[in-house]
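Enquirer:
Residue numbers (this note's numbering): 58 to 251.
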């Protein structure tokens with residue numbers, strides 16, 4: 058079995074996230090792509106807007122329609138408020154799927170920041186890395202090989218920050234967010250101007 062961790066804020070999950078997961082599953086023959094909203098990010102403290110429960114519910118909705126995409130609570134908030142570290146999540150993933158080939162899907166901007174992550178050398182040994190290219194970021198650090206693979210086929214020009222801003226301004230987002238996620242956002246009053 059080939060299983061990938063796709064962690065992130067997913068605040069909210071948008072069409073770009075879904076396109077990345079599907080493209081990675083296609084390109085690397087992944088059986089499962091686990092969308093794992095983070096409970097608390099060590100390098101982006103207090104950056105989350107929606108609750109973990111809301112983000113997990115939206116991820117579940119975003120994953121509908123493709124059995125390879127699965128919402129996961131593996132990165133749920135810790136009971137003591139400590140941050141979630143990818144190295145710990147990958148260890149838990151390996152225990153949950155013994156014998157599976159593990160992958161981690163990450164944007165090139167985050168991949169470039171990996172030296173600041175907890176135990177970066179160990180991280181590289183726990184999984185193969187699928188590095189998603191992004192306009193404006195150099196990919197020379199992510200040349201294929203050595204447990205790294207480039208995913209260059211996704212060119213969705215959307216960010217969660219832009220989606221949140223559009224929602225705050227009352228602008229339409231149905232071309233940026235899966236319809237069922239947009240419905241959830243509207244029903245729960247998320248990302249409205251305070």
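For each residue, glycine too, the CB sits at the ideal point set by N, CA and C.
Here the structure is a predicted model, which is why all the values come from computation and not from measurement.
#1: How should residue 71 be labelled, buried or exposed, when 16 other C-beta atoms within 10 angstroms of its C-beta is the threshold for buried?
#2: Would residue 290 pass as a contact of residue 144 if the rule is Cβ separation under 7 angstroms?
#3: Along the chain, where does the alpha helix (DSSP H) containing residue 158 start, and where does it finish?
#4: Tell me which residues share the same chain as residue 58 and place their Cβ nearer than 8 angstroms to its Cβ, disregarding the 5 neighbours each side in the sequence.
#5: Please go through the stretch 92-146 and give each complete alpha helix (DSSP H) segment of 4 or more residues, from N-terminal end onward.
#6: Report, in whole angstroms, the separation of the C-beta atoms of residue 189 and residue 163, which I expect to be a contact under 8 angstroms.
#7: If you reduce the DSSP assignment to three classes, tell me which class residue 207 lands in.
#8: So, residue 241 versus residue 118, is the Cβ gap smaller than 7 angstroms?
#9: Taking the DSSP output, what are the residues bridged to residue 174?
#10: State yes or no: is the C-beta of residue 64 within less than 7 angstroms of the C-beta of residue 93?
#11: Can you give me the C-alpha to C-alpha distance between residue 130 and residue 75, rounded to a whole angstrom?
#12: What does the Cβ neighbour count give for residue 152, buried or exposed, with the cut at 16 atoms within 10 Å?
#13: On the three-state DSSP scale, how would you describe residue 179?
#14: Taking Cβ positions, are residue 140 and residue 97 nearer each other than 7 angstroms?
#15: Between which two residues does the beta strand (DSSP E) containing residue 188 stretch?
#16: Under three-state DSSP, which class holds residue 234?
Expert: Let's see:
#1: buried
#2: Residue 290 lies beyond the range of the chain shown here (58 to 251); nothing can be said about it.
#3: Taken as a continuous stretch (DSSP letters only), residue 158 belongs to no alpha helix (DSSP H), being part of the beta strand (DSSP E) at 158-164.
#4: 88, 89, 154, 156, 157 and 158
#5: Counting only runs of 4 or more, we get 109-120.
#6: 7 angstroms
#7: strand
#8: yes
#9: DSSP, once it has assigned bridges, lists no residue as partnering residue 174.
#10: When the beta-carbon positions are compared, residue 64 and residue 93 come within less than 7 angstroms of each other.
#11: 17 angstroms
#12: By the 10 Å Cβ count, residue 152 comes out exposed.
#13: helix
#14: yes
#15: 185-189
#16: coil
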